[in-house]
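Asker: Let me give you the structure first, and then I'll get to my questions.
Structure representation (structure tokens):
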């Protein structure tokens with residue numbers, strides 16, 4: 079797939095750890111130049127260093143995806159640095175604490191919607207003009223199993239992730255004839271810092287493997303390889319799609 083990425087530029091939000099970092103390393107391996115956006119500067123710069131250690135080209139820009147001025151600036155700086163923008167991976171997101179709908183606070187609800195859904199919308203909104211100038215490109219959003227089916231006690235997450243799937247389909251239809259493909263990747267249980275926190279520690283993660291028919295927890299690279307494919311010419315007829323990478327969870 080390397081021919082799909084020569085001279086191309088990608089912005090990756092939430093690139094400081096977990097799936098975002100894995101996507102960065104996978105795209106860098108294909109020869110893509112990267113702009114890593116993250117709220118935490120230390121972890122974002124750590125990803126940049128990992129890319130550079132592998133002879134890749136990456137830059138870090140501290141960004142809060144809920145703030146339109148910062149997102150607009152992110153996309154402009156990416157183009158100023160590298161001359162174009164071809165791919166956007168919307169990986170920034172949060173993992174709310176589970177609990178009944180009646181117990182969830184308005185603050186927790188707003189945080190999920192603002193970071194996951196509004197953040198994805200803002201990044202998409204401000205990336206599109208640059209993608210059009212480059213002659214098209216690919217946007218990959220992060221939804222999840224909770225964007226495809228409901229889970230009790232995960233109200234705000236299901237709402238935000240279902241919203242991302244809807245946003246993905248709508249934007250894909252808007253720009254289908256202009257060379258911009260928009261898809262969503264839907265991870266299941268993936269071994270990330272977020273899942274370790276949810277499980278009450280890294281040592282407890284494997285105990286959740288029974289939730290997936292394949293009987294194992296996924297790794298961030300499982301998702302990264304799906305994202306690389308969705309950005310590549312190999313998926314040039316795929317748009318408006320929510321791709322499950324979940325070991326069969328939503329097929330149950």
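Numbering (the numbering used here), first residue to last: 79 to 330. All C-beta atoms, glycine included, are put in the ideal place defined by N, C-alpha and C. Because the structure is a prediction, the values reported are computed rather than measured.
Could you check what DSSP says for residue 315 in three-state terms: helix, strand or coil?
Answerer: In this structure, residue 315 counts as coil in the three-state DSSP scheme.
Asker: Just list the residues that DSSP pairs residue 216 with in beta bridges.
Answerer: Answer by DSSP bridge pairing, in chain order: 165, 259.
Asker: Going by the beta-carbon positions, is the gap between residue 320 and residue 233 smaller than 8 Å?
Answerer: No, they are not a contact pair.
Asker: Since residue 156 is in the alpha helix (DSSP H), which residue starts that stretch and which ends it?
Answerer: Here the alpha helix (DSSP H) through residue 156 covers 146 to 160.
Asker: Please report the straight-line C-alpha distance between residue 190 and residue 197, rounded to a whole angstrom.
Answerer: Roughly 10 Å between the two C-alpha positions.
Asker: Please work out which residues of its chain come closer than 6 Å, Cβ to Cβ, to residue 299, disregarding the five sequence neighbours upstream and downstream, and give them in chain order.
Answerer: So the qualifying residues of the chain are 100.
Asker: Whose CA, out of 231, 140, 284, 168, lies closest to the CA of residue 205?
Answerer: Measuring from the Cα of residue 205, the nearest candidate turns out to be 168.
Asker: Let me know if residue 158 comes out buried or exposed under the rule of 16 or more other beta-carbons within 10 Å of its beta-carbon.
Answerer: Residue 158 comes out exposed.
Asker: Residues in its own chain within less than 7 Å of residue 331 by CB, not counting five upstream and five downstream?
Answerer: This structure cannot speak to residue 331, because the chain is shown only from 79 to 330.
Asker: Among the candidates 105, 141, 107, whose CA atom is the shortest distance from the CA of residue 121?
Answerer: The shortest Cα separation from residue 121 among 105, 141, 107 belongs to 141.
Asker: Indicate the three-state DSSP secondary structure (helix, strand or coil) for residue 265 in the structure shown.
Answerer: Strand.
Asker: Does the segment 85 to 92 come close enough to the segment 103 to 118 to have 3 or more Cβ pairs within less than 8 Å?
Answerer: Yes, the segment 85 to 92 is in contact with the segment 103 to 118.
Asker: Would residue 250 be called buried (16 or more neighbouring beta carbons within 10 Å of its own) or exposed?
Answerer: Flag for residue 250 reads buried.
Asker: Fully enclosed by the segment 116 to 143, which beta strand (DSSP E) runs are 3 residues long or longer?
Answerer: Correct list: 136 to 140.
Asker: What's the call for residue 323, buried or exposed, on a 16-neighbour Cβ count within 10 Å?
Answerer: Result: buried.
Asker: If contact is defined by three or more beta carbon pairs under 8 Å, each pair taking one atom from either stretch, is the segment 208 to 216 in contact with the segment 257 to 268?
Answerer: With the cut-off at 8 Å, the segment 257 to 268 and the segment 208 to 216 touch.
Asker: What does the alpha-carbon distance come out to for the pair residue 279 and residue 153?
Answerer: Whole-angstrom Cα-Cα distance: 36 Å.
Asker: Should residue 315 be labelled buried (16 or more other beta-carbon atoms within 10 Å of its own) or exposed?
Answerer: Exposed: under 16 other Cβ atoms inside 10 Å.
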